[in-house]
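Q:
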């Protein structure tokens, strides 16, 4: 993925090829590169990485001596209008991102959300299965709203038909891959809201932010979160022992990750 994204800038691609020459110049390395290019060209046919298409085809022709065909579009024939991209709104001196999907709107947390967040996070199931403070106080909700889009976190309130349903966030980390987290209020569960929200935020991360990977983790036993991640396309990678803090104690957690071409469309 690093190499493929480097194709945007020829000088960067050349540097990457030099640094990984011992791998890329072997038969196995050339085969792996061809497979990666083929997968990315298939993704182009689904409407992703369109700006990379000329570089991908050029490199594929250099490797094989054959100009690769343009893959036929694989978009949903019932989808006459492409999914809306992110919109950016200005609030005071800050810019907040607003995302929309088939049923949902995801917007930045506001002061008017504080009481609702406080009430929803009294749910012991959310406290057990996430890293939110336990017990959860109104001051915690105030902090959630105040720090919603500062530093390396982007947090959203998930709404359906104007009604709040949950929260979701995309976290950037200095020395490890980006990660996603989410919770859904009790009244909104069982309707596929979490899966739709996760898919939309991940697509924003890949297409608008250019992320190469997004990671997921959940406390062992949180089957609902695991099912949501799997439906979105996350690949389960294993269990980490005593790695996540919840309710004042370290817990074992499941981990997984998602690459751009693995993201699934929600029907």
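Numbering (the working numbering), first residue to last: 157 to 423. Note that CB positions come from ideal geometry on N, CA and C, so glycine has one too. Please read these numbers as outputs of a predicted model, since none were measured by experiment.
1) If you measure between the beta carbons of residue 365 and residue 388, is that distance less than 9 angstroms?
2) Helix, strand or coil: which one does DSSP assign to residue 174?
3) Select from 311, 292 and 339 the residue whose C-alpha is nearest the C-alpha of residue 285.
4) For residue 416, count neighbouring C-beta atoms within 10 Å of its own C-beta (all shown protein chains included) and say buried if the count is 16 or more, exposed if not.
5) Check whether the Cβ atoms of residue 324 and residue 350 sit closer than 9 angstroms, and answer yes or no.
6) Around the C-beta of residue 397, are 16 or more other C-beta atoms found within 10 angstroms, so that it is buried, or is it exposed?
7) Find the nearest neighbour of residue 394 within the set 380, 332, 410 and 268, judged by alpha-carbon distance.
8) Taking its Cβ as the centre, do 16 or more other Cβ atoms sit within 10 Å of residue 210, making it buried, or is it exposed?
9) Note down, one range per segment and in chain order, each beta strand (DSSP E) of at least 3 residues found wholly within the region 353–401.
10) Using the beta-carbon count (16 or more within 10 Å), is residue 336 buried or exposed?
11) To the nearest angstrom, how far is the alpha carbon of residue 414 from that of residue 310?
12) How far does the alpha helix (DSSP H) with residue 281 in it reach, from first residue to last?
13) Answer with buried or exposed for residue 303, where buried requires no fewer than 16 other C-beta atoms within 10 angstroms of its C-beta.
14) Can you find a CB in chain B that lies within less than 9 angstroms of the CB of residue 255?
15) Does the structure place the region 370–385 close enough to the region 290–300 that three or more beta carbon pairs sit under 8 angstroms?
16) Measure the CB-CB distance between residue 314 and residue 269 and report whether it falls below 9 angstroms.
17) Considering residue 266, what are the terminal residues of the alpha helix (DSSP H) in which it resides?
18) Between the C-alpha atoms of residue 358 and residue 214, what's the straight-line distance to the nearest angstrom?
A: Inspection of the coordinates gives the following:
1) Taking a C-beta distance under 9 angstroms as the contact criterion, residue 365 and residue 388 do not qualify as a contact pair.
2) In the three-state reduction of the DSSP assignment, residue 174 falls in the helix class, which pools H, G and I.
3) When only C-alpha atoms are compared, the closest one is 339.
4) Classification for residue 416: buried.
5) With a cutoff of 9 angstroms on beta-carbon distance, residue 324 and residue 350 are scored as near each other.
6) By the 10 Å Cβ count, residue 397 comes out exposed.
7) Just measuring C-alpha positions, the residue of 380, 332, 410 and 268 sitting nearest residue 394 is 410.
8) So residue 210 ends up on the exposed side.
9) List check, beta strand (DSSP E) in window: 370–375.
10) Looking at its Cβ environment, which holds 16 or more other Cβ atoms inside 10 Å, residue 336 is buried.
11) Approximately 18 angstroms between the Cα atoms of the pair.
12) Where residue 281 is concerned, the enclosing alpha helix (DSSP H) stretches over 280–285.
13) Taking all protein chains in view, the Cβ of residue 303 is surrounded by fewer than 16 other Cβ atoms within 10 Å, so the residue is classified as exposed.
14) Checking the listed chains, one finds no chain B in this structure; it contains a single protein chain.
15) Contact fails: fewer than three Cβ-Cβ distances are below 8 angstroms.
16) No; because the gap between Cβ atoms is not below 9 angstroms, this pair is not in contact.
17) From DSSP, residue 266 is part of no alpha helix (DSSP H); its letter is neither H nor E.
18) Looking at the two C-alpha atoms, the distance is approximately 28 angstroms.
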